[in-house]
Amino acid sequence: MTTSLRSLLFVPGGRGDRIAKVGRFGADGVVLDLEDAVAVADKDSARATVVEALATLDVPDGTTVLVRVNAPGSPWFVEDVAAVTGTRADGVVLPKLEHVDQLDGLNGMPVVGGLETALGVADARPLLAEGAERGLIGAYFGAEDFIADMGGRRTADGTEVLYARSRVALAARLAGVSALDQVVTAVRDDDAFRRDAEQARALGYPGKLCIHPSQVALAHEIFTPSEAEITHARRVLEASETGVGLLDGEMVDDVHVRMARATLARARPTP
C-alpha cells in the first residue's frame, strides 16, 4: 500500500465464489476477511479457502491485496498469520490494534491496523507513530466495534463518532501512514454513503472501507478530485509561481499552495 487507497473492499474469507469475482469491481485494494465475516465454526475452512484463493487471485495490476486476520489473542491468530506468510498477499489487516507489541507477531508483513476500541482510539497517536517504525503502513477507524466497546448507540448523523474519526485521521497524518474511514452498513443507501464519505474527505481521510461492490465507484468519485478542483489547483500554483498574490479576488498564500499540491497528488482517472 504505497499510495493512499480511495477504496478498500472487504470480501468474506469463506466465500471462494465472491473472492474469485473481487477483481471485477475496480477497488484500489481488497481484503479477504477472516475476522468479522466468518462464523466461529468456519474459521479453519475459511483460512484454507483464502490461502487457495490467493494462489489464483485475478485482480488488476496495482491492486493492493490484504488479508484480515483474527485479533491477537484469539484462538485463530497464530494460524492465520502462518497461513498468510509467504503468499501473494501484500500485507495483513490487524483488527483491534491496542498495543504496538501486537505488531511483532506478524512475520515482518506490512500491516494496516484497526483502531476500533476505546483504548485503540485513545492511544491512536503513539500507536501509529511507533507502529510506523514496526511495519505499520496504514490504519482504519472501525466505528461499529468502537461504539460497542464504548457502550454507546449509533445515530443517523454519526455525531457519536466524530471525535474518534477525527482523532484517527489526525494521528495517521502525524505518523505519515495512510488512513481509511469507517464502513457504511446501509449498503443500498447511496446517499448515506455519499454523505459519510464527503465528511470523511473533509476530515482528511483519503479513502474509505467498502463492504459492498456498489460502494467502490462512489468512493472513487468522492475521493478523486473533480476536473474543476484540478483546474483550480493548477491555477493556484500558476499564480504562486508567477508572483500573483490574488486569484479570482482571493489571496494565494502558502496554505493554498499546499492544498493545491495535495489535490494534484490525489488526482487520477476514475475507473
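With our numbering applied, the sequence shown covers 260 to 530.
A virtual CB, placed ideally from N, CA and C, is assigned to each residue, including glycine.
From a predicted model like this one, the values you see are computed outputs, not experimental measurements.
Beta carbon of residue i nearer than 9 Å to that of residue j
i    : j    : result
P354 : V328 : yes
E488 : T444 : no
L268 : A296 : no
P216 : L395 : Residue 216 falls outside the range modelled here, since the chain spans only 260 to 530, and no answer is possible.
R412 : E403 : no
V352 : V309 : no
A423 : R384 : no
D301 : G273 : yes
G410 : A398 : no
V475 : S266 : yes
R453 : F482 : no
L477 : D449 : yes
V326 : A307 : no
H471 : V446 : yes
S506 : V514 : The residue asked about is misnamed: residue 506 is Leu in this sequence, not Ser. It is not a contact, given that the beta carbons lie outside the stated cut-off.
G508 : Q458 : no
Selection from the options that minimises the alpha carbon distance to residue i
i    : options                : result
A428 : L477, D416, D408, G401 : G401
D292 : D339, S333, R447       : D339
E497 : A519, P484, L477, S425 : A519
A305 : H471, G417, I278, G288 : I278
T490 : A526, I406, E375       : A526
F336 : A430, V442, Y399, V299 : V299
H358 : V380, V446, G350, D349 : V380
G345 : A398, L313, S499       : L313
V290 : L316, V324, S266, R494 : V324
L378 : G367, L316, R426       : R426
N366 : R393, G372, L506       : R393
G373 : F284, D416, E294       : E294
S333 : T315, Q361, P484       : Q361
S485 : G282, L356, A524       : A524
R517 : F405, F284, R493, K280 : R493
A330 : E311, H471, G364, L316 : G364
G350 : A415, V371, A341       : V371
R406 : E480, A415, T376       : The residue you asked about is not Arg; residue 406 is Ile in the sequence shown. Answer by Cα proximity: T376.
L462 : V442, A415, R432       : R432
T315 : D276, D303, A341       : D276
Limits of the unbroken beta strand (DSSP E) element including residue i
i    : result
S266 : 266-271
G390 : It is not in any beta strand (DSSP E) - G390 instead sits in the alpha helix (DSSP H) that spans 383-390.
D440 : 437-440
A398 : 395-400
G411 : It is not in any beta strand (DSSP E) - G411 carries neither H nor E in the DSSP assignment.
G466 : 466-469
For residue i, the first and last residue of its enclosing alpha helix (DSSP H)
i    : result
F482 : 473-482
A423 : 421-434
I278 : 275-280
L293 : Taken as a continuous stretch (DSSP letters only), L293 belongs to no alpha helix (DSSP H), as it is neither H nor E.
A456 : 449-462
R520 : 513-525
Hey, which unbroken runs of the alpha helix (DSSP H) at 4 residues or more fall wholly within the segment 316-377? 336-343
Can you find at least 3 beta carbon pairs, one from the segment 434-441 and one from the segment 465-475, that sit closer than 8 Å? yes
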